[in-house]
Structures are given as C-alpha cells and as structure tokens.
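Peer 1: This is the structure, below, for whatever I ask next.
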RNA sequence: GCCACAGUGGCUCAGGGGUAGAGCAAUUCACUCGUAAUGAAUAGGUCGUGGGUUCGAUUCCCACCUGUGGCUCCA
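In this note's numbering, the protein residues as written are 459 to 1076.
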C-alpha cells in the first residue's frame, strides 16, 4: 500500500520512493492537484459545496455543488487561481480526528456532502484530513508534501455528475483536469490526445466515406459504399469461421407481435427500450434482440438430443431506444446488427460450448491485434428465474474461463434479465472501453418458450441456451476497427486495395488493362486518370490510406512491370506485374494482417513511426 | 434523460447588429509531368429550425433539433 512521506516507519519495512513515473506517484500527484482545484474553487466561490475529488486515468476531477454551475469564464478564473496557489508553495499537512470532531469540523465549514461521507464510513475507519493553507479536506491520502511540484496543469472539461453516481440524486458539477511536473509533459499529453483524435472513427468514417449519421435518423447509421466493402469483407470472414465451427444461419423478422414479447419477458423487462407500433389493431414491437425469433425457429421442428448442441446464428438488425445523450458515433447507436447466435444444448454440454465460444472470440480479437478484458456479470435486480439456475449458470461461465486460464473481473448485478454473462471489452483510440463480445447463459427463455428435445431416454427435456456474439455489434466493431488501424486497414479490408497511377496519359491504357486484370483476380483497384503530376497522385492515395500504389511509366510498361509504393513506406519496389498479383492474391486468400511486401520495403518514414504508435504512459 | 459547450458552402474553419470570407474539394482550361500538393478561371451559402428584441438579426434573447465531452444506462 502506498503512503506518503508523512508516515513514520515504525519497524522494518521495504521503502520505495515513488515519483511521478510510478502509477502510485502519479495518483498522489493528481490527487493533490484535485485538492488545489477545490481550494481554488473555494477561494473564488466560497458558497460552493465540496463532494469528492479523486485521481483518474489521465488526471483528476472534483465534484462541486454550485447553483450557477461553472462556465468557461469561471473555469479560466479557477485555472489561474490554481497557478497562484502553486506559486504560493503551500505546505500540505495531515491530521486525524475522532468521528464527532470530524463531523463537527465539516459542519462548521458547511460541507454537507463531507458530513454524509463521514457518517457512512465504517465505525473503525481512520478519519484523516489533509490541509493546505485555509483549505481542509476529508481524505485518505496519500498526498505530496507541498503543492509546489504541480507546475503545469490544465482544466480539460466540465460535466454534470450525479452525487454518488445515482440518477435519483442531485446533479453536481464535475470539473476535469490534468497536471504534470513539467510543462513539456503536459504539452506531450495534450498532443497525444490530439493524435488520438485523428484516429476517431467518426472523423475517419467521414473522410474515408465509410458511414454517416444524419439528423433525419439520430442513432441510425448509414453505411456508404466504402463502408459496405469493409463490412461485407468482415462478414465473409465471419461466415467462414462460423461455417467451420458448424453454425447454421437463419434470419428472423424485424418485427413480431406483442404476445411473443410477453412470452419472452421483454414486454415486462425491456419495454422502455423497444419501438412499438400497431398493425391491424394489434401491438407489435421491433426486435431489440434476436433470441425470441431464434426460439420460434427452434420450436418449429422437433429435436433429438442427437441434434445438440445446435448452433443457430443470425446476423440480426435490432433497434433499441437509447437515451439521447448516450449516442456516440457507431459505438452507441439505436439500430445495430448483432452477429448473434443461439446455442441449444444439454446441461452436460454447457462448459464445452462456452469454451468453444471463448476460443472463437479470442481467435478473432487476436487476429485483429486487439487487447481485451473479460467481465463476468451476475444477476441484476430486475431479472427473472430461480436463484439455483442463476447460480449454476454463473458457475458455468466462471469455471469455463478459469479452466482456460483467462483473467476476468466480476461485475456484480450487471447481467441480462434472463441470465449471467461474460463480456469482452475492447478499447477505442482514447482508451474508453466498449463491450463487444458477450456470452450469456440462459435457462429462462427455453422454459418460457417450452423448448424441448427428446433425450436418449425417450423423454422430453428442456435445452439450455447460450446467447453469444463475437463482434457484438457490427457497427461498434467497425468503429473499434477504424480506430485501431487509424484507417490504415489490412489489404483484405481496405475499400480500395490498389491505386493505379499512370505518370502521363501515355500509360492510361496500360493502367486500365492492369485494372481489368486485378479485378478478375478479386483485387479492388482504381486508376487515377487525372492529369496530375505523380507527386499529387501519390499524396492523394497516401491521404486516402490506400495500401498499394502502382506507379506506371514508360519504363514499367515496356517491361510489363509495376513500380510499387506501400503506404507508410517511401521506398519503391519494381517487379513484374505477375509477381505483384500472385503475392496479393495469396495475401487476400489468408486475410493477412500485414503486407507481404513489408519486409522488402521496410524503410519506414521516421515521422510516421514516431507519432502514431506511441501510447499514453501508464 | 441530466450538466457544460457547439452548429457559417461537400470538408476544415475565420468573422460578427447594416443583407457573408479563406483554404481544401468540385467544374473548366492550359501543362504530359517519375514517388506527399502545377497554374489560372468559374461555380457553390435564405450562417441548424422556429419565435422574439430591433429601422435592420447570421450576429443579441428564448425554445426546439442535432452533435461533442461527461454522468446515468448499455452491444
């Protein structure tokens, strides 16, 4: 456990001095920064009430209650006051109080939130306070010894935040900031964020013509021609691995009647998120999930235990009414396509089936080079079914990942209303995590739909079902994909794979003939026919992140060659056209994540390797 | 849904009570060119929508819509 330098070392102990370079050191640094923020706010706006102010991933925040909130003008004033406080070089001291004295102190300072925090702390909690000048805050520490090291800081944003994270509580004003010991470090941090924003899928989606969102359909994304190529390529890959794993594919209606949703429980548990309509005086709902449709298909035929496990996939378009403020590009939308599948099985098959799905998700994420983390979500309050079933299902999921030696965190009460789940989370360019893959174990729906199979004993039994997705939402997965690659997709996913660039219009015919040939081989190629200099065409293709640039001049045409330039590599490789075609064909056949020409061309441009790959420091 | 901020030609953005401006893109013309921007010309906007204040609003005020960063909620 990290403590600060105020702690006396009473007996033998290993002592590490933690600086800003250490995560715990950063934590103390930013925690102290949040106190400086609070001190500045109290100086300028004494009527403000303090809530909480921790350090976070890349900085800190502090929650305040102030009727008028804080606008841009106030934020600037607060930042200036913070700089003044740092200049004052105030010492930070700490002291401990007994509960009554602690409450009395915070009451005397008119801090009701602090009083509430103290009252809710366990009886034996040590009530420590930190003081810098006139400012005192209830705080467990650790802190810096003095405010002086906080040389460079910036308040980054203001947001509303509910007291104790509960929507029913009062909304406070949260001020976010970050701080560093040196101005250069702060600048570097801000520059990293700017760099990350260039990979934002919304920005690249627009620039590369992949998808768009329009105000005529908030949260309902449009896929553009380039985006459809990417999406179709992804789905080809998806179908290939699902066929390999013996999945069958179905498609069920987008809209089904109310009775169906009552049977599934969605009408009771999910109605506020469903779009409904009336057809011939009967209520209908647009599907928010594919499972009820899948169950209808299952029930349409009798099943034997010999059919199980039955893996039935459906790439289904679902609609969910998300609250307006929750939408975010392709990551959080109101209509999305799930790469869904429902696996019907016997109790004995549970663990092996879960493992099979985990392996598949891992295979896909590993292929794309993603790092992910797994969460196990347990029974929520609004749910249906018997505790014993929930216990068995949760245990099944837990044991499957444990036996596979995978790490996971437990997310209490975050399961679906019909069962517990394993969620697979991926990161976007700014480090925000998004749930993509999920595996949900369900005893409820087969029961509600009276699904059955005939066992080897000749009796009818109820199957158990798994709901699972690998991509999760194809839209969200594509969003992650765009940000992960910064738009520089591997060749098999790139909307345009080769740009043919004649040096002059003498080579136009040569370029066109190559295009025809490439097209025949299934390689997406375009000819840049414009009367522009080759430098201009190269730049254009570079900006558009086209993997292969084929420069075609008289020299190439004479010998039936091409001059190849890779995006991110300046060195050009001259080779017979046939060699290029053969290599790219092989690359596409295996859906390679790296170009086969990479090694030959590897003279990376210094600027590109330096800026794009550097990650935020931990 | 809540808090803060934003919305100006296809894109990025400047401007600001007196009926709009740049760069890129587009179109046309000239140039026929060897690896990240050839030059010139032309066209394109009821300044998100609706009200209000004003002699006059894109600019100020109000409401709504959409978006951005968070909160809550979730694939």
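Here a beta-carbon is modelled for each residue, glycine too, at the ideal position from N, C-alpha and C. Here the structure is a predicted model, which is why all the values come from computation and not from measurement.
Exposed or buried, what is residue 1071 when buried is set at 16 or more other beta-carbons lying within 10 Å of its beta-carbon?
Peer 2: Reading the first chain from its first residue, position 613 is the one you call residue 1071. The pLDDT assigned to residue 1071 is 37, lower than 50, so where the model puts this residue is not dependable; a value taken from the coordinates is nonetheless given after this. With fewer than 16 other Cβ atoms within 10 Å, it is exposed.
Peer 1: Express the C-alpha separation of residue 890 and residue 476 in angstroms, rounding to a whole number.
Peer 2: Mapped onto the first chain, residue 476 falls at position 18. Mapped onto the first chain, residue 890 falls at position 432. Cα-Cα distance, rounded: 27 Å.
Peer 1: Please report the straight-line C-alpha distance between residue 495 and residue 532, rounded to a whole angstrom.
Peer 2: Numbered from its first residue, the first chain carries residue 495 at position 37. Numbered from its first residue, the first chain carries residue 532 at position 74. The straight-line gap from Cα to Cα measures roughly 12 Å.
Peer 1: Measure how close the beta-carbons of residue 724 and residue 923 come, nearest whole angstrom, since I'm counting them as under 8 Å.
Peer 2: Here residue 724 refers to the residue found at position 266 when the first chain is read from its first residue. Here residue 923 refers to the residue found at position 465 when the first chain is read from its first residue. No, residue 724 and residue 923 are not in contact; Cβ-Cβ is about 15 Å, not under 8 Å.
Peer 1: Assuming residue 687 contacts residue 519 (C-beta within less than 8 Å), just tell me the rounded distance between them.
Peer 2: Residue 687 sits at position 229 when you count from the first residue of the first chain. Residue 519 sits at position 61 when you count from the first residue of the first chain. Between residue 519 and residue 687 the Cβ distance is about 42 Å, and since that is not below 8 Å, they are no contact.
Peer 1: Let's see if you can read the secondary structure: which residues bound the alpha helix (DSSP H) around residue 724?
Peer 2: Taking the first chain and counting its residues from 1, one reaches residue 724 at position 266. Element bounds for residue 724: 724-727.
Peer 1: Residue 588 and residue 552 look like a contact to me (Cβ under 8 Å); what is the Cβ gap, rounded to whole Å?
Peer 2: In the first chain, the residue the question calls residue 588 occupies position 130. In the first chain, the residue the question calls residue 552 occupies position 94. Contact flag correct, Cβ pair sits at about 5 Å.
Peer 1: Which residues does DSSP list as the beta-bridge partners of residue 617?
Peer 2: Locating residue 617 in the first chain gives position 159, counting from the first residue. 632, per the DSSP bridge assignment.
Peer 1: Use the C-beta contact count for residue 925: other C-beta atoms within 10 angstroms, 16 or more gives buried, fewer gives exposed.
Peer 2: If you number the first chain from 1, residue 925 lands on position 467. Buried, because 16 or more other Cβ atoms sit within 10 Å of the Cβ of residue 925.
Peer 1: Answer yes or no: do residue 636 and residue 517 have a C-beta to C-beta separation smaller than 8 Å?
Peer 2: Counting from one through the first chain, the residue named residue 636 turns up at place 178. Counting from one through the first chain, the residue named residue 517 turns up at place 59. Cβ atoms of residue 636 and residue 517: closer than 8 Å.
Peer 1: Could you check whether residue 893 and residue 877 sit closer than 8 Å to each other, using their CB atoms as the reference points?
Peer 2: Sequence index remark: in the first chain, residue 877 carries index 419 (1-based). Sequence index remark: in the first chain, residue 893 carries index 435 (1-based). Not a contact, by the Cβ cut-off of 8 Å.
Peer 1: Please report the straight-line C-alpha distance between residue 936 and residue 827, rounded to a whole angstrom.
Peer 2: Taking the first residue of the first chain as 1, we reach residue 936 at position 478. Taking the first residue of the first chain as 1, we reach residue 827 at position 369. In a straight line, the C-alpha of residue 936 is about 14 Å away from that of residue 827.
Peer 1: Counting only runs that start and end within the stretch 766-845, where is the alpha helix (DSSP H) found for 4 or more residues in a row?
Peer 2: 808-826, all fully within the stretch 766-845.
Peer 1: Exposed or buried, which one is residue 900 when buried takes at least 16 other CB atoms within 10 Å?
Peer 2: As a working note, residue 900 is residue 442 in the first chain. The residue is buried, with at least 16 neighbouring Cβ atoms inside 10 Å.
Peer 1: Whole angstroms is fine: what's the gap from residue 810's alpha carbon to residue 705's?
Peer 2: To locate residue 810, count along the first chain from 1; it is residue 352. To locate residue 705, count along the first chain from 1; it is residue 247. Approximately 15 Å between the Cα atoms of the pair.
Peer 1: Between residue 735 and residue 715, what straight-line distance do the alpha-carbon atoms span, to the nearest angstrom?
Peer 2: Translated into the one-based positions of the first chain, residue 735 becomes position 277. Translated into the one-based positions of the first chain, residue 715 becomes position 257. Whole-angstrom Cα-Cα distance: 9 Å.
Peer 1: Could you work out which residue in 803, 860, 991, 601 is closest to residue 910 when comparing CA atoms only?
Peer 2: Numbered from its first residue, the first chain carries residue 910 at position 452. Cα-wise, what sits closest to residue 910 is 803.
Peer 1: Measuring straight from C-alpha to C-alpha, what distance separates residue 883 and residue 692?
Peer 2: Locating residue 883 in the first chain gives position 425, counting from the first residue. Locating residue 692 in the first chain gives position 234, counting from the first residue. About 19 Å.
Peer 1: May I ask which residues mark the beginning and end of the alpha helix (DSSP H) holding residue 661?
Peer 2: Against the first chain, residue 661 aligns to sequence position 203. Start and end: 659-665.
Peer 1: Does the stretch 554-566 come within contact of the stretch 670-689, defined as at least 3 CB pairs closer than 8 Å?
Peer 2: Taking 8 Å as the limit for Cβ pairs, the verdict is that the stretch 670-689 does not touch the stretch 554-566.
Peer 1: Could you check if residue 1088 is buried or exposed, using at least 16 other CB atoms within 10 Å of its CB as the buried criterion?
Peer 2: What is shown of the chain runs 459 to 1076, which leaves residue 1088 out entirely.
Peer 1: Beta carbon of residue 613, beta carbon of residue 537: below 8 Å?
Peer 2: If you number the first chain from 1, residue 613 lands on position 155. If you number the first chain from 1, residue 537 lands on position 79. Yes, Cβ-Cβ distance for residue 613 and residue 537 is below 8 Å.
Peer 1: Using 8 Å for Cβ pairs, my map puts residue 602 next to residue 550. What's the rounded Cβ distance?
Peer 2: Taking the first chain and counting its residues from 1, one reaches residue 602 at position 144. Taking the first chain and counting its residues from 1, one reaches residue 550 at position 92. With a Cβ gap of about 6 Å, residue 602 and residue 550 count as contacting.
Peer 1: Whose C-beta lies closer than 7 Å to the C-beta of residue 1067 among residues of the same chain, with five residues either side of it excluded?
Peer 2: Position 609 of the first chain, counted from the start, is the residue given in the question as residue 1067. Low per-residue confidence applies at residue 1067: pLDDT is 41, beneath 50, and the placement is therefore not dependable enough to give any value.
Peer 1: Alpha carbon to alpha carbon, what distance is there between residue 819 and residue 1075?
Peer 2: Here the question's residue 1075 lines up with position 617 in the first chain. Here the question's residue 819 lines up with position 361 in the first chain. Note that residue 1075 has pLDDT 33, beneath the 50 cutoff, so the model's placement of it is unreliable and no number is given.
Peer 1: Closest to residue 951 by CA distance: which of 461, 981, 966 is it?
Peer 2: What you label residue 951 is simply residue 493 of the first chain in a count that begins at 1. Answer by Cα proximity: 981.
Peer 1: Roughly how many angstroms lie between the CA atoms of residue 744 and residue 885, to the nearest whole one?
Peer 2: On the first chain, residue 744 is found 286 positions in, with the first residue counted as 1. On the first chain, residue 885 is found 427 positions in, with the first residue counted as 1. Roughly 30 Å separates the two Cα atoms.
Peer 1: For a test of the three-state rule: what should DSSP assign to residue 608, helix, strand or coil?
Peer 2: Along the first chain, one-based indexing puts residue 608 at 150. Three-state DSSP puts residue 608 in coil, outside helix and strand.
Peer 1: According to the Cβ coordinates, are residue 1019 and residue 1035 closer than 8 Å?
Peer 2: For this step, residue 1019 is matched to residue 561 along the first chain. For this step, residue 1035 is matched to residue 577 along the first chain. The answer is yes: Cβ separation under 8 Å.
Peer 1: Would you identify the three-state DSSP class for residue 464, choosing helix, strand or coil?
Peer 2: The residue labelled residue 464 in the question sits at position 6 within the first chain. Residue 464: coil per DSSP, three-state reduction.
Peer 1: Let me know the secondary structure DSSP gives residue 853 once reduced to three states.
Peer 2: Within the first chain, numbered from 1, the residue matching residue 853 stands at position 395. Helix.
Peer 1: With DSSP run on the structure shown, which of helix, strand or coil describes residue 886?
Peer 2: Along the first chain, read from residue 1 onward, the residue named residue 886 stands at position 428. Residue state, collapsed to three classes: coil.
Peer 1: Determine which residues share a DSSP beta bridge with residue 877 and list them.
Peer 2: As a first step, residue 877 must be located in the first chain, where it is residue number 419. According to DSSP, which records beta bridges pairwise, residue 877 is partnered with 874.
Peer 1: If we call anything under 8 Å between Cβ atoms a contact, is residue 1090 one with residue 840?
Peer 2: In the structure as shown, the chain starts at 459 and stops at 1076, and residue 1090 therefore has no counterpart that could be examined.
Peer 1: Comparing alpha-carbon positions, which option in 703, 784, 930 lies nearest residue 773?
Peer 2: Counted from its first residue, the first chain places residue 773 at position 315. With distances taken between Cα atoms, residue 773 lies closest to 930.
Peer 1: Based on DSSP bridge pairs, tell me the residues matched to residue 1016.
Peer 2: Locating residue 1016 in the first chain gives position 558, counting from the first residue. Partner(s): none; residue 1016 has no beta bridge.
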